[in-house]
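A short write-up of the structure that comes next.
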Amino acid sequence: MPQEILQQYFGYDRFRKGQEELISSILSGRDTVGIMPTGAGKSICYQVPALMLEGLTIVISPLISLMQDQVDALRMNGIPAAFLNSSLSADEYRATLSQVYSGNVKLLYAAPERLETESFLHIAEQLPISMITVDEAHCVSQWGQDFRPSYLKIAEFLHLLPYRPRISAFTATATKEVCEDIVRILGLHDPFTLTTGFDRENLYFGVQQPRDKFHALMQIISSHPEQSGIVYCLTRKLVEQVCEELCENGISAVRYHAGLPDEERRVNQEAFLYDRVSVMVATNAFGMGIDKSNVSFVVHYNMPKNLESYYQEAGRAGRDGSPADCILLYSGRDVRTNQFLIDHSSDNAELDETTRALIRQRDEERLKQMTFYATRQSCLRQFMLEYFGESAKNYCSNCSCCKTNYEQRDMTLEAQKIISCIYRLQQRDLQFGAAAVTDILRGSKAEKYAKFRFADTLSTYGIMSDVSEKLCREMIRHLLAEEWISQTGEFHVLALNRNSARLLREKCTITLNVVKEAPPPEKKTKSEAVSEHPELFEELKKCRAGIAAKERVPAYIIFTDAALRDMCEKLPINEMAFLSVSGVGRRKLEKYGDPFMDVIRTYIKEHPEI
Ligand code: ADP
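Start counting the sequence shown at 6; every next residue gets the next number (our numbering).
See the structure below:
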């Protein structure tokens with residue numbers, strides 16, 4: 006049954022990881038917490054059960070400016086949804102309420118501030134509420150990166166209700182404290198909690214440390230012609246500066262930050278969502294709840310304050326599953342700016358001194374981890390996933406470290422040589438640090454080793470003469486980091502430990518990411534490259550743009566780029582085939598099937614060779 010709803014309303018033929026489990030938990034009546042990365046598909050997890058349950062689902066969401074879009078997208082799929090927030094006029098508010106009372110609405114979006122109003126409590130008394138869904142639930146926790154005091158009102162609202170509906174909560178933040186806070190503050194009863202993998206395979210992660218950030222940015226933008234992208238800057242001033250410079254360089258860009266008048270923010274956001282401009286330059290004020298599915302790149306012009314924010318913001322790229330780039334332009338100054346922002350933060354002014362100090366300490370620790378990411382030499386994805394508590398391979402092949410700088414090399418043999426050398430030295434009661442062991446392995450003729458007569462007496466002397474000094478040191482560092490050998494004493498001499506013998510005896514494989522000798526020029530994967538018929542793709546985009554303009558909605562709300570690409574692959578020219586396109590449900594088939602199939606028919610006619 007959930008499967009049918011997914012197909013019928015959303016046009017998808019299978020659930021993504023975790024969705025099914027979360028949905029069946031909700032349907033069984035249990036409180037449910039879903040922790041999934043941005044873009045993984047949290048909304049479906051409450052929208053599908055909302056359609057199946059008797060009564061109304063209330064969705065609490067932090068950003069009123071985006072409710073309209075969310076509701077439009079649902080209505081587009083034939084789902085009766087509405088929102089109540091302060092952007093409605095008194096008449097609109099009344100009209101929506103009467104819709105709700107008549108039972109014609111299944112999903113009602115509301116900001117937390119609304120909950121305590123009388124009209125809201127009245128709804129709860131008059132109508133069966135089947136579920137309360139708390140979106141972006143981490144906002145309830147002051148340990149989260151996005152604490153919103155208004156979220157605390159949710160618990161108060163729940164207490165005021167004459168009965169307790171099931172509660173579901175969703176977030177992309179998975180730290181232990183935040184999860185515990187969600188359960189405790191929202192008063193969830195023995196919730197089913199599911200965390201899906203955090204990896205988003207379609208995202209490429211890159212870090213650059215360019216001398217000229219603007220130049221680097223221009224290069225990234227020009228490698229994504231006519232594609233949408235977001236550029237995040239740390240300060241409002243920089244947003245304005247970068248946006249202005251981009252415009253001067255002929256890029257269609259708009260800006261967004263909390264210091265701009267509401268009207269300008271609204272207009273700019275809309276221009277970006279509707280693909281009228283391709284680049285949005287913004288502070289972190291932009292983006293929460295943005296479901297623009299065709300964002301092809303997210304560039305961080307500065308390093309953000311922590312990895313939680315980074316992953317959330319970068320995760321706004323490639324939501325429809327197409328390949329997308331997330332690039333951080335790092336400079337040492339970013340660390341200082343962030344430290345300044347932590348030192349001068351007035352975010353938690355209402356909290357007591359001890360709590361504030363604790364939060365500050367955590368912020369500093371987070372900043373440190375973020376800096377580790379930005380300066381790291383090996384797999385970025387691994388670092389990020391491990392930060393979020395997942396185990397990960399040390400080579401992902403889709404980050405700047407793996408892809409451009411590094412290759413994985415089997416160093417088992419070299420590791421055995423290094424260990425043998427330390428062992429032989431120990432046998433002779435000799436202990437050396439990493440530098441000297443490197444010299445010995447490489448057969449150094451330096452004067453200081455002459456008295457030991459290694460060349461005649463030590464079998465491991467010079468057995469790594471074909472390995473560069475740098476690489477040899479790197480290997481020793483790796484063995485130390487992975488605890489295959491140890492360092493002891495005041496002079497950090499190398500010593501064997503319990504693992505060392507294992508390495509010689511058992512069949513362990515040791516791999517190291519090493520700098521590629523001559524990295525081949527990187528070939529960009531463009532989203533468009535996936536499309537089998539680029540000309541048709543363009544025609545379909547035109548058709549979509551025409552309809553979007555007529556209906557005054559963003560193009561991706563009609564069909565995502567991924568759906569258009571699927572059309573290019575499947576070339577559907579009848580209803581059954583069109584329904585099999587990913588993202589085409591019943592309603593969209595009825596509404597838009599014909600014009601799109603006409604485009605495809607024409608294309609096939611013009612290309613009889615297909
Ligand atoms: P999140 O809230 O987790 O950031 P969304 O709920 O906005 O993510 O979903 C991201 C995108 O993935 C949306 O365009 C959504 O329609 C799409 N999506 C969700 N579930 C599926 C599915 N089962 N199959 C295909 N696409 C899906």
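Just so it is clear, CB atoms sit at the ideal spot from N, CA and C, and this is done for glycine as well.
Quantities reported herein were computed from a predicted structural model and do not represent experimental measurements.
Quiz item: Terminal residues of the continuous beta strand (DSSP E) containing Gly211?
Solution: It spans 208–213 - the beta strand (DSSP E) in which Gly211 sits, taken as one unbroken run.
Quiz item: Would you say Arg549 touches the ligand ADP, meaning its beta carbon is less than 7 Å from a heavy atom?
Solution: Arg549: no, Cβ never under 7 Å from the ligand ADP.
Quiz prompt | DSSP-derived helix/strand/coil call for Lys528 | solution = Any reading at Lys528 must be qualified, since the residue scores a pLDDT of 42, below 50, and its modelled position is unreliable; the value itself is stated next. Here Lys528 sits in coil by DSSP.
Exercise. Kindly list the residues whose CB is nearer than 8 Å to the CB of Met6, restricted to its own chain and excluding five residues on each side of it in sequence; keep chain order.
Key: In its chain, beyond the 5 residues on either side, Met57 have a beta carbon closer than 8 Å to the beta carbon of Met6.
Quiz prompt | Straight-line gap, His229 to Glu318 (C-alpha atoms, nearest Å) | solution = About 19 Å.
Self-check item: DSSP three-state assignment for Leu576, whether helix, strand or coil
Solution: DSSP, read as helix, strand or coil, puts Leu576 in coil.
Practice problem: Could you tell me whether any non-hydrogen atom of the ligand ADP is closer than 7 Å to the CB of Gly46? | Solution: Remark: the shortest separation between the CB of Gly46 and any heavy atom of the ligand ADP falls under 7 Å.
Practice problem: Report the residue from Leu594, Asp74, Ser587, Tyr261 whose alpha carbon sits nearest the alpha carbon of Arg21. | Solution: Closest option to Arg21, judged by alpha-carbon separation, among Leu594, Asp74, Ser587, Tyr261: Ser587.
Exercise. Please classify Met285: does DSSP put it in a helix, a strand, or coil?
Key: Met285 falls in the strand class under three-state DSSP.
Quiz item: Quick one, which of Thr359, Gly320, Glu358, Tyr306 has its alpha-carbon nearest Ser336's?
Solution: Answer by Cα proximity: Tyr306.
Quiz item: Which residue comes first and which comes last in the beta strand (DSSP E) that contains Leu112?
Solution: Segment 112–115, the beta strand (DSSP E) holding Leu112.
Quiz item: On the three-pair Cβ rule with 8 Å, is the region 477–487 touching the region 436–456?
Solution: Here the region 477–487 lies against the region 436–456, with 3 or more beta-carbon pairs under 8 Å apart.
Self-check item: Straight-line gap, Lys398 to Gln387 (C-alpha atoms, nearest Å)
Solution: If I take the Cα positions, the gap works out to 6 Å.
Quiz item: So, using beta-carbon positions, are Val145 and Ile235 closer together than 8 Å?
Solution: It is not a contact, given that the beta carbons lie outside the stated cut-off.
Exercise. Under 8 Å by Cβ, that's how I've got Pro67 and Glu141 pegged, so tell me the actual separation to the nearest angstrom.
Key: Cβ atoms of Pro67 and Glu141 come within 8 Å of each other, at about 5 Å.
Quiz item: Is Phe125 helix, strand or coil by DSSP?
Solution: Of the three classes helix, strand and coil, the one that applies to Phe125 here is helix, per DSSP.
Quiz item: What did DSSP end up calling Ala95 once you bin it into helix, strand or coil?
Solution: Ala95 sits in a helix when the DSSP states are folded into three classes.
Exercise. Quick one: residues in its chain with C-beta nearer than 7 Å to the C-beta of Phe162, no 5 flanking neighbours on either side, listed in chain order?
Key: Non-local beta-carbon contacts of Phe162 in its own chain, meaning distances under 7 Å to residues more than five positions away in sequence, involve Leu120, Glu121 in chain order.
Quiz item: To which residues does DSSP link His229 through a beta bridge?
Solution: Residue pairing for His229: DSSP places it in no beta bridge.
Self-check item: Ile424 beta carbon less than 8 Å from that of Ser505
Solution: Against a cut-off of 8 Å, the Cβ pair of Ile424 and Ser505 comes out as a contact.
Quiz item: Which partner residues of Phe175 appear in the DSSP bridge assignment?
Solution: Residue pairing by DSSP places Phe175 opposite Gly39 in a beta bridge.
Quiz item: Would you call Cys2 buried or exposed, if buried means 16 or more other Cβ atoms sit within 10 Å of its Cβ?
Solution: For the chain, the structure presents residues 6 to 615; residue 2 sits outside this window and is missing.
Quiz prompt | Three-way DSSP call (helix, strand, coil) for Val472 in this model | solution = It is coil, neither helix nor strand.
Exercise. For Gly108, name the three-state secondary structure that DSSP assigns.
Key: Gly108 falls in the coil class under three-state DSSP.
Self-check item: Beta-carbon proximity list for Asn289, same chain, < 8 Å, skipping 5 on both sides
Solution: Closer than 8 Å at Cβ, skipping near neighbours: Tyr237, Pro309, Ser314, Glu318.
Quiz prompt | Spatial neighbours of Lys596 in its chain, beta-carbon cut-off 6 Å, leaving aside the 5 residues before and after | solution = Nothing meets the Cβ criterion.
Quiz prompt | For Ile364, three-class secondary structure by DSSP | solution = Of the three classes helix, strand and coil, the one that applies to Ile364 here is helix, per DSSP.
Exercise. Inspect the beta-carbon positions of Val244 and Arg260 and report whether they are closer than 8 Å.
Key: In terms of Cβ geometry, Val244 and Arg260 form a close pair [threshold 8 Å].
Quiz item: Heavy atom of the ligand ADP less than 7 Å from the Cβ of Gln24, yes or no?
Solution: Closer than 7 Å to some heavy atom of the ligand ADP: that describes the Cβ of Gln24.
Quiz prompt | Inter-residue spacing [alpha-carbon to alpha-carbon] between Gly551 and Ala258 | solution = Those two C-alpha atoms are separated by around 22 Å.
Self-check item: Backbone secondary structure at Phe496 - three-state DSSP
Solution: If DSSP states are grouped into helix, strand and coil, Phe496 belongs with coil.
Exercise. Just grab the DSSP bridge partners of His164 for me.
Key: Answer is none; His164 lacks a bridge partner.
Quiz item: With 16 other CB atoms within 10 Å as the buried threshold, where does Thr607 fall?
Solution: By the 10 Å Cβ count, Thr607 comes out exposed.
Quiz item: Going by the beta-carbon positions, is the gap between Gly16 and Gly590 smaller than 8 Å?
Solution: It is a contact, given that the beta carbons lie within the stated cut-off.
Practice problem: Name the residue from Met572, Ile615, His612, Pro613 whose alpha carbon lies nearest to the alpha carbon of Leu594. | Solution: When C-alpha distances from Leu594 are compared across Met572, Ile615, His612, Pro613, the shortest belongs to Met572.
Self-check item: 8 Å Cβ cutoff met for Ile137 and Ile63
Solution: Cβ atoms of Ile137 and Ile63: closer than 8 Å.
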